[in-house]
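Heads up: the structure comes next, in structure tokens.
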Ligand code: DQA
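In the working numbering, the protein residues as written are 1 to 393.
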């Protein structure tokens, strides 16, 4: 794969300019770091270019046509003003990920307008310079395995990505729910690498997007209720009725807040008129936020848990810890050194699940919060082995 890292106006001032917004990494360091991340992800060919001039950026985009396989593009303030850059991205037909270091959705209102976004394959913002790594990862994942995008509702976020194995169907399926403390700037792309890994192992994979807490170009009068678990439940129903999917052989796994959403979605499905879906073969919580009242009390995610819960009619109803027993076998995985969600959440949940008669396995390992998202990491491969075995049996 060949990738171009393109930076627009004022990004040459990184490290000097508003470090409280953009951090202390300089442009040189950012490019060096992105090359290292790309190399780790198997991308050896990385070109880079920065300019303060719109015309030069246009020329560089044109030159990239047919020369690279993907572009990571931070257009700086031209994001908010340049139809010409939109048209260039569209014209060259090279998958382009729009990246912003800062959280453009929660700054001045004019930064929420992106003219280039409709021409890009994905937009990543609010994740600091690490956003460049996620952008490369997204480009690698989307070129590694074909994706079918399926809508399950009218909301802009009501869709899911399906990856089918390279064999005749119908296929057993794993639904993978991403985390990110329910915040809008964490999206489906975080679980794409492990989705590709599962597809390579011969099972279908579905990654639902869902409504998240935050502004994301919504109107001011949108209700402040974010029934994300119901979105996930709708997505699951859509997956299980997909032509190429064997709805009787499925499992669901969620990472971090996605663990809570996966379990709450299952709970909602099993309590809506009953029997609409077959029980999953396995439910997996990966570093899951499995106790919502506790997450609020512990202020997990720097206030994120409180913000999510504030929009819910009944938080206890979507708190896995408070909805036991679960009518499916459960795998609870957590890293002992997890700085984001303490391992005690999973330990307490697994013990309480066992007490209510749930068939539960705990995989408490050394490690932090993000290992489960890395296909090569033993924390993930142990989980993947169990997921695949459960839907194959
Ligand atoms: C930026 C956000 C833009 O609004 C701003 O004009 C920039 C940088 C970012 O990386 O956060 O120059 O693209």
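Glycine included, every Cβ here is placed at the ideal spot set by N, Cα and C. Small disclaimer: the values here were computed from a predicted structure and weren't measured.
Per DSSP, reduced to three states, the secondary structure at residue 123 is strand. Of all C-beta pairs linking the stretch 287-295 to the stretch 193-205, fewer than three are shorter than 8 Å, placing the two stretches out of contact. In its chain, beyond the 5 residues on either side, 305, 306 have a beta carbon closer than 8 Å to the beta carbon of residue 299.
By the criterion of at least three beta-carbon pairs nearer than 8 Å, the stretch 229-239 is not in contact with the stretch 124-144. Secondary structure of residue 151 (DSSP, three-state): strand. Here the stretch 163-172 does not lie against the stretch 108-117, with fewer than 3 beta-carbon pairs under 8 Å apart. Annotation for residue 137: the continuous alpha helix (DSSP H) segment containing it runs 130-144. Taking residue 120 as the centre and dropping the five residues before and after it, the same chain places the C-beta of 73, 89, 96, 97, 98 closer than 8 Å to its C-beta, in chain order. When only Cα atoms are considered, residue 83 and residue 372 end up about 39 Å apart.
When secondary structure is reduced to three states using DSSP, residue 159 falls in the strand class. Between residue 283 and residue 310, the beta carbon gap of about 27 Å keeps them out of contact (Cβ cut-off 8 Å).
Between the stretch 334-352 and the stretch 361-369, the count of Cβ pairs shorter than 8 Å is three or higher; the stretches touch. Leaving aside the five residues that flank residue 237 on each side, the residues in its chain whose CB is nearer than 8 Å to its CB run, in chain order, 152, 269, 276, 277. By the criterion of at least three beta-carbon pairs nearer than 8 Å, the stretch 144-151 is not in contact with the stretch 248-263.
Residue 244 sits in coil when the DSSP states are folded into three classes, being neither helix nor strand. Distance check between residue 332 and each of 91, 172, 384 places 384 closest, using alpha-carbon atoms only.
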